[in-house]
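Participant: Just so you know, the protein sequences line up as chains A and B, in that order.
Everything in the first sequence is counted per the working numbering, starting at 1 for the first residue and increasing by one.
Everything in the second sequence is counted per the working numbering, starting at 1001 for the first residue and increasing by one.
Where a beta carbon is used, it is the ideal one built from N, C-alpha and C, also for glycine.
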Amino acid sequence: MRDHAVFKSRFLPWLLLLPSLIILAIFIYFPALQTFVLSFYKSNLRLGTRRFTGFENFYNLFAGAFAPAYRQIFLQSILFSASVVFIGLALSVVLATFASQKIVGARVYRLFLIWPFALSPAVAATIFAFLFNPEVGGVNLILNELFGIKPRWLDTPWLAFMLVVGAAVWKNLGYNIVFYLAALQNIPKEYAEAAAIDGAGPIARFFRITVPMLSPMTFFLLFTNLTFSFFDAFGIIDILTRGGPVGYPPFDNAGMTTIMMYRVFQEGIEQGKSGFAAAFSLFILTIIIIITVFQFRYGSRRVQYGDN
Amino acid sequence: MKNRYNWLIHLILIIGCAIVMFPVVFAVIKATQTRSAVLTPSLVPGTEFFTNLRAVWVEASLWKFMRNSFVVAIAVTIGKTILSLFAGMALVYFRFPAKRFIFGFILLTLMMPTEVLLVPLFDLVSQRPPASWEAFWLWFRDPRHVFLEPSPFGFGWANTYWAIIVPFLASATGTFLFRQHFMAIPQSLADAARIDGATPFQFLSRILVPMSVNTIGALAVIQFVYVWDQYLWPKVIIRREDYQVVQVGLNLIIGTGEGVQWGYVMAGALLTLIPPLLVFALLQEQFMRGFALSESK
């Protein structure tokens, strides 16, 4: 690698780096350390009391009285993330592929498909909250007129779960389509043309050429979507269901839409049990670190055919 | 060759667009209707759009939430861009000891999203600051206090803009993006600048910044939308309406009163949607190009 370091100064580079380093040290590294420290304490945010209790928080988390609830939360978080990522990416890749065909009005279609990029979790959830309101929401008014039914979207466990997944998928659709459209522009047309001459139909071309050629982008989106489903979905859940409703067995130990991040908020902020919440945060942090290491490890490799 | 399938492509795209558009079209229509029409299945646009808009803007104090969001989003976007630019420049154009370690220190923060650090970050930002520098020093000089015990002090920033601006000013993503971009700029440019006697800051303002318009644009879009859309942290740390941001404010508007004025709320949701939409529309090209550049390595 060529060396770009042309300027010579002993203190200027540090001066340029210092603001970033200080902020990262104080607002990322110190809280990370404190998460670790707090997880050994029994603390109450309201009363301001803290007592060292060793591994008690971890025991309660994995084996004690709260373990069934946390097992359920872990399970449904995986189910939630998997649904959001899989449905979201599948819909986006199909719509982006269609919208990048050479057809009349392709630009208009693209415009209609990518604008939700600007959608926030809170706005998406607010619109969904009204749309699926059991009494006055548009969906139930129509369903009632047509079939005479009024599903209780927000109080029925699996319906609530699906609704939250749907809102999350809708919110992220624009983002995914923007990136897929950008990636589709970079796929040389010759591949598809050559395959067409060899007699490959559109469906074969989609699965044999488009999807493999898009795999680096899919890999990138997999992780951004995973992060979204872990953290940004918080706003959607907080506005739509507040983590509820409690499900049917074996999902009867916690609210069905309580994802891990929502539980951290409930325990750590609402209940003020910051030590216990820190212990659970440490568990989430471990998952994030494993995912990130995996991403760095395999991200540099090209998951794709073609010119290298 | 493809003509046979064109009708099918159009059909699927129309269905797709309809599904993507429906919730927001619904919100637009409901935002124009009268109080009573909002609660009916009617999808006929009404004439009350400006009444609803005024109501949510003034009575539900959406203007205040919007103002706060603007202050925070602009401050973070500008601050983050400048700090990332500086850090990227230091990492590429200077030689100094422990460079790899510093780069690793910055990059490692990608594994620690602020959301997971919610609880200790809340303590750190909201707890009272030490009474005096002596009190702080007494705590700070003993590593056992700093590394092994929960911190007794904080910044005392609850219910201030500081709380939602300062922790987000540094960015591993931004630093990384600028570093990659600078490495791709031909080295001869930096050599030439130095031979011509340009100072590092002249080099930054005359050469690096003009050559980085796309990267800066891409980063600005990502950051502005990210900050504007933030929900969890402001909800937790800001408890006074006067300083609340619009994403949380929207939920406060739903929460007030017995019967929710859904017409107002939809008007408010649409207003909240407009700023990131505008930023995205304006900087879309820089965004696409800046991103394509960083992807192709």
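(1) Tell me, please, whether the CB atom of Glu1115(B) is closer than 8 Å to any CB atom in chain A?
(2) Would you list, in chain order, the members of the stretch 1216-1248 of chain B that have their beta-carbon closer than 8 Å to a beta-carbon of chain A?
(3) Please confirm if Leu141(A) has its CB atom under 8 Å from at least one CB of chain B.
(4) Applying a beta-carbon distance threshold of less than 9 Å, which residues of chain B neighbour Phe128(A)?
(5) On the DSSP bridge assignment, give the partners of Phe98(A) in chain order.
(6) So which of Thr1175(B), Gly1154(B), Val1227(B) has the shortest CA-CA distance to Ile1165(B)?
(7) Grouping DSSP H, G and I as helix and E and B as strand, with all else coil, what is Val1071(B)?
(8) Can you give me the Cβ contacts of Phe1168(B) inside the same chain, cut-off strictly under 6 Å, excluding the 5 residues immediately before and after it?
(9) Just to confirm the assignment, what range does the alpha helix (DSSP H) spanning Arg46(A) have?
(10) With DSSP collapsed to three states, give me the class of Gly1259(B).
(11) Alpha carbon to alpha carbon, how far is Arg1035(B) from Gly1263(B)?
(12) With a CB to CB cut of under 7 Å and the five nearest residues on each side skipped, what residues in its chain are close to Trp153(A)?
(13) Measure the alpha-carbon distance for Arg71(A) versus Phe62(A) and round it to whole angstroms.
(14) Can you tell me which of Glu267(A), Ser9(A), Gly268(A) puts its alpha carbon nearest to the alpha carbon of Tyr1093(B)?
(15) Can you find a C-beta in chain A that's less than 8 Å from the C-beta of Met1089(B)?
(16) What's the call for Thr286(A), buried or exposed, on a 16-neighbour Cβ count within 10 Å?
(17) With DSSP as the reference, label Gly1174(B) as helix, strand or coil.
(18) Would you mind working out which of Leu1124(B), Pro1152(B), Thr1040(B), Phe1050(B) sits nearest Ala1158(B), comparing C-alpha positions?
(19) What whole-angstrom Cβ distance do Asn225(A) and Leu89(A) have, given they're in contact under 8 Å?
(20) Considering just the uninterrupted stretch of the alpha helix (DSSP H) at Asn1052(B), what are its terminal residues?
(21) Which one or two residues does DSSP pair with Arg1095(B) in a beta bridge?
(22) Confirm, please, whether the CB-CB distance from Gly272(A) to Leu38(A) is below 8 Å.
(23) State yes or no: is the C-beta of Gln1244(B) within less than 8 Å of the C-beta of Asn1068(B)?
(24) Looking only at C-alpha atoms, which of Ile291(A), Leu91(A), Arg51(A), Thr49(A) sits nearest to Thr227(A)?
(25) With a CB to CB cut of under 8 Å and the five nearest residues on each side skipped, what residues in its chain are close to Gly138(A)?
(26) If Leu1232(B) and Glu1115(B) are in contact, beta carbons under 8 Å, what's the gap, nearest whole angstrom?
(27) Are the C-beta of Asn1006(B) and some C-beta of chain C separated by less than 8 Å?
(28) Starting from the N-terminal side, write out each stretch of the alpha helix (DSSP H) that is 4 residues or longer and does not extend beyond the stretch 1143-1169 of chain B.
(29) Give a yes or no on whether the minimum CB-CB distance between Gly1197(B) and chain A is below 8 Å.
(30) If you follow the alpha helix (DSSP H) that Asn172(A) is in, where does it begin and where does it stop?
(31) Just the C-alpha distance for Met1021(B) and Phe112(A), rounded to the nearest angstrom, thanks.
(32) So Pro1186(B) is in the alpha helix (DSSP H); what residue range does that whole segment cover?
(33) Does Glu974(B) pass the burial test, meaning 16 or more other C-beta atoms within 10 Å, or should it be called exposed?
(34) Show which residues of chain A have a CB atom less than 7 Å away from the CB atom of Ala1027(B).
(35) Counting only the same chain and skipping the five closest in sequence on each side, list residues whose C-beta sits under 7 Å from that of Asp155(A).
(36) Does the contact criterion of 3 or more C-beta pairs under 8 Å hold for the stretch 115-127 of chain A versus the stretch 193-208 of chain A?
Facilitator: To lay it out plainly:
(1) Sequence index remark: in the second sequence, residue 1115(B) carries index 115 (1-based). Chain A, which has a Cβ nearer than 8 Å to the Cβ of Glu1115(B), makes this yes.
(2) The residues in question are Val1225, Trp1228, Asp1229, Tyr1231, Leu1232, Lys1235, Val1236, Gln1247, Val1248.
(3) On the first sequence, position 141 is the one that residue 141(A) refers to. Yes, because at least one Cβ of chain B sits closer than 8 Å to the Cβ of Leu141(A).
(4) Here residue 128(A) refers to the residue found at position 128 of the first sequence. Near Phe128(A) (Cβ distances below 9 Å), the residues of chain B are Pro1023.
(5) What you label residue 98(A) is simply residue 98 of the first sequence in a count that begins at 1. According to DSSP, Phe98(A) bridges with nothing at all.
(6) Numbered from 1 along the second sequence, position 165 holds the residue referred to as residue 1165(B). Comparing Cα-Cα distances from Ile1165(B) to each of Thr1175(B), Gly1154(B), Val1227(B), the minimum goes to Val1227(B).
(7) On the second sequence, position 71 is the one that residue 1071(B) refers to. Helix at Val1071(B).
(8) Taking the second sequence and counting its residues from 1, one reaches residue 1168(B) at position 168. Around Phe1168(B): Val1076.
(9) The count along the first sequence starts at 1 and reaches residue 46(A) at position 46. Run containing Arg46(A): none; DSSP gives neither H nor E here.
(10) Along the second sequence, read from residue 1 onward, the residue named residue 1259(B) stands at position 259. Gly1259(B) sits in coil when the DSSP states are folded into three classes, being neither helix nor strand.
(11) One-based indexing of the second sequence puts residue 1035(B) at position 35. One-based indexing of the second sequence puts residue 1263(B) at position 263. When the Cα atoms are used, Arg1035(B) and Gly1263(B) turn out to be separated by approximately 7 Å.
(12) Mapped onto the first sequence, residue 153(A) falls at position 153. The beta carbon of Trp153(A) sits closer than 7 Å to those of Phe132, Pro134, Leu159, Ala160, Leu163, all from its chain and outside the five residues before and after it, given in chain order.
(13) Residue 71(A) sits at position 71 when you count from the first residue of the first sequence. Residue 62(A) sits at position 62 when you count from the first residue of the first sequence. Take the alpha-carbon of Arg71(A) and the one of Phe62(A): they are about 8 Å apart.
(14) Counting from one through the second sequence, the residue named residue 1093(B) turns up at place 93. Measuring from the Cα of Tyr1093(B), the nearest candidate turns out to be Ser9(A).
(15) Counting from 1 along the second sequence, the entry for residue 1089(B) is found at position 89. With respect to chain A, the C-beta atom of Met1089(B) has a partner C-beta closer than 8 Å.
(16) One-based indexing of the first sequence puts residue 286(A) at position 286. With fewer than 16 other Cβ atoms within 10 Å, it is exposed.
(17) Here the question's residue 1174(B) lines up with position 174 in the second sequence. It is helical.
(18) Translated into the one-based positions of the second sequence, residue 1158(B) becomes position 158. For Ala1158(B), the closest alpha carbon among the candidates Leu1124(B), Pro1152(B), Thr1040(B), Phe1050(B) is that of Leu1124(B).
(19) Against the first sequence, residue 225(A) aligns to sequence position 225. Against the first sequence, residue 89(A) aligns to sequence position 89. So it is a contact: roughly 7 Å between Cβ atoms.
(20) If you number the second sequence from 1, residue 1052(B) lands on position 52. Counting along the chain, the alpha helix (DSSP H) containing Asn1052(B) begins and ends at 1049-1054.
(21) Within the second sequence, numbered from 1, the residue matching residue 1095(B) stands at position 95. BP columns for Arg1095(B) are empty, so no partner.
(22) For the purposes of this step, residue 38(A) is taken as residue 38 along the first sequence, with counting starting at 1. For the purposes of this step, residue 272(A) is taken as residue 272 along the first sequence, with counting starting at 1. Taking 8 Å as the Cβ cut-off, Leu38(A) and Gly272(A) do not qualify as a contacting pair.
(23) Residue 1244(B) sits at position 244 when you count from the first residue of the second sequence. Residue 1068(B) sits at position 68 when you count from the first residue of the second sequence. It is a contact, given that the beta carbons lie within the stated cut-off.
(24) For the purposes of this step, residue 227(A) is taken as residue 227 along the first sequence, with counting starting at 1. The residue with the shortest Cα to Cα distance from Thr227(A) is Ile291(A).
(25) Residue numbering aside, residue 138(A) sits at position 138 when the first sequence is read from its first letter. Counting only Cβ-Cβ distances below 8 Å, and skipping sequence neighbours, we find Phe130, Leu131.
(26) Sequence index remark: in the second sequence, residue 1232(B) carries index 232 (1-based). Sequence index remark: in the second sequence, residue 1115(B) carries index 115 (1-based). Taking C-beta atoms under 8 Å as the contact rule, Leu1232(B) and Glu1115(B) qualify, at a distance of about 6 Å.
(27) Considering every chain present, this structure includes no chain C. Its protein chains are A and B.
(28) List check, alpha helix (DSSP H) in window: 1143-1148, 1161-1165.
(29) If you number the second sequence from 1, residue 1197(B) lands on position 197. For Gly1197(B), the closest Cβ of chain A is not nearer than 8 Å.
(30) In the first sequence, counting from the first residue as 1, residue 172(A) sits at position 172. Residues 157-185.
(31) Here residue 1021(B) is taken as the residue at index 21 of the second sequence, counted from 1. Here residue 112(A) is taken as the residue at index 112 of the first sequence, counted from 1. Each residue's alpha carbon lies about 7 Å from the other.
(32) As a position in the second sequence, residue 1186(B) is number 186, starting the count at 1. Where Pro1186(B) is concerned, there is no enclosing alpha helix (DSSP H), because DSSP gives it neither an H nor an E.
(33) Because residue 974(B) is not part of the residues shown, which for chain B are 1001 to 1297, the question remains open.
(34) As a first step, residue 1027(B) is located in the second sequence; it is residue number 27 there, counting from the start. Simply Ile127.
(35) Taking the first sequence and counting its residues from 1, one reaches residue 155(A) at position 155. Residues of the same chain with a CB within less than 7 Å of the CB of Asp155(A), apart from the 5 flanking positions on each side, are Pro245 in chain order.
(36) Segments in contact, no.
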